[in-house]
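Just so we're aligned, residue 0 is where the sequence shown starts under numbering that gives the first Met the number 0, counting upward by one. Let me begin by presenting the structure, written as C-alpha cells, before commenting on it.
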Amino acid sequence: MFNMAKFATLAAVAALTVTAGLTAATPDAEAARRHAHASTCKAPLRGSATGQGLFGKGTAQARAAARYDWESKASVAYGDAYGNFDKSRGKSFDCKRGAVLKAKCTVVSRPCK
C-alpha cells in the first residue's frame with residue numbers, strides 16, 4: 000500500500016540532501032574558479048615611452064607608446080596570448096610632462112590571457 004506521509008517525508012529528506020550537497024559544493028566550485036582565474040594572470044610588467052606635442056598630444060602619444068611597449072614585453076615574456084593589454088588586470092598609468100614638449104608615461108599591469 001502507498002503511504003503518502005512516508006512518501007512526503009522521504010521526498011523532503013531527499014530534497015534536503017540534494018540542497019545540502021549543492022550548498023557544500025558551491026564554496027569548492029567558487030575556490031576552483033578563483034584558482035583557475037588566478038593562474039591565467041602573470042606577475043606585473045612595466046612599459047614606458049615618451050611623446051612630444053602640445054595640448055596633451057605628447058602625453059597621448061607617450062601613453063599609447065607605453066601601452067605598445069607593455070604589450071611587446073608581455074608577448075616576449077609570456078607568449079602572444081598574454082600580450083593583449085585589454086585583458087590585463089590592475090592597470091596603472093603614470094604620465095609626467097618633462098621639458099617644453101616632452102612627456103613620459105609608464106604603465107604597470109598584470110598580463111592575463
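For each residue, glycine too, the CB sits at the ideal point set by N, CA and C. In this text, all values refer to a predicted model and were calculated from it rather than measured experimentally.
Going by DSSP in three states, residue i sits in which element: helix, strand or coil?
i: threonine 39; result: coil
i: phenylalanine 92; result: strand
i: threonine 22; result: At threonine 22, the pLDDT of 42 sits below 50, so the modelled position is not reliable; the number obtained from the coordinates is stated separately. Helix.
i: valine 99; result: coil
i: glycine 57; result: helix
i: serine 113; result: Outside the shown range of the chain, which is 0 to 112, sits residue 113, and nothing can be said about it.
Buried or exposed: residue i, going by 16 or more other Cβ atoms within 10 Å of its Cβ?
i: glycine 89; result: exposed
i: leucine 100; result: exposed
i: glycine 57; result: buried
Can you give the Cα-Cα distance for residue i and residue j, rounded to whole angstroms?
i: glutamate 70; j: glycine 82; result: 5 Å
i: serine 47; j: lysine 41; result: 19 Å
i: leucine 53; j: alanine 59; result: 10 Å
i: alanine 80; j: alanine 64; result: 20 Å
i: lysine 72; j: threonine 39; result: 17 Å
How many whole angstroms separate the CB atoms of residue i and residue j, which I take to be in contact at a CB cut-off of 8 Å?
i: lysine 95; j: lysine 103; result: 6 Å
Select from the options the residue whose C-alpha is nearest the C-alpha of residue i.
i: arginine 62; options: Pro110, Lys101, Val106; result: Val106
i: leucine 111; options: Gly57, Tyr67, Lys56, Ser74; result: Sequence inspection shows cysteine at residue 111; the leucine mentioned does not correspond to that position. Among Gly57, Tyr67, Lys56, Ser74, the Cα nearest to that of cysteine 111 is on Ser74.
i: serine 91; options: Pro43, Thr39, Asp27; result: Pro43
i: histidine 97; options: Gln51, Arg45, Ser108; result: First, the residue type needs correcting, since residue 97 is glycine and not histidine in the sequence shown. For the residues Gln51, Arg45, Ser108, the minimum Cα distance to glycine 97 belongs to Gln51.
i: serine 108; options: Ala80, Asp79, Arg66; result: Arg66
i: aspartate 68; options: Asp93, Asp27, Arg45; result: Arg45
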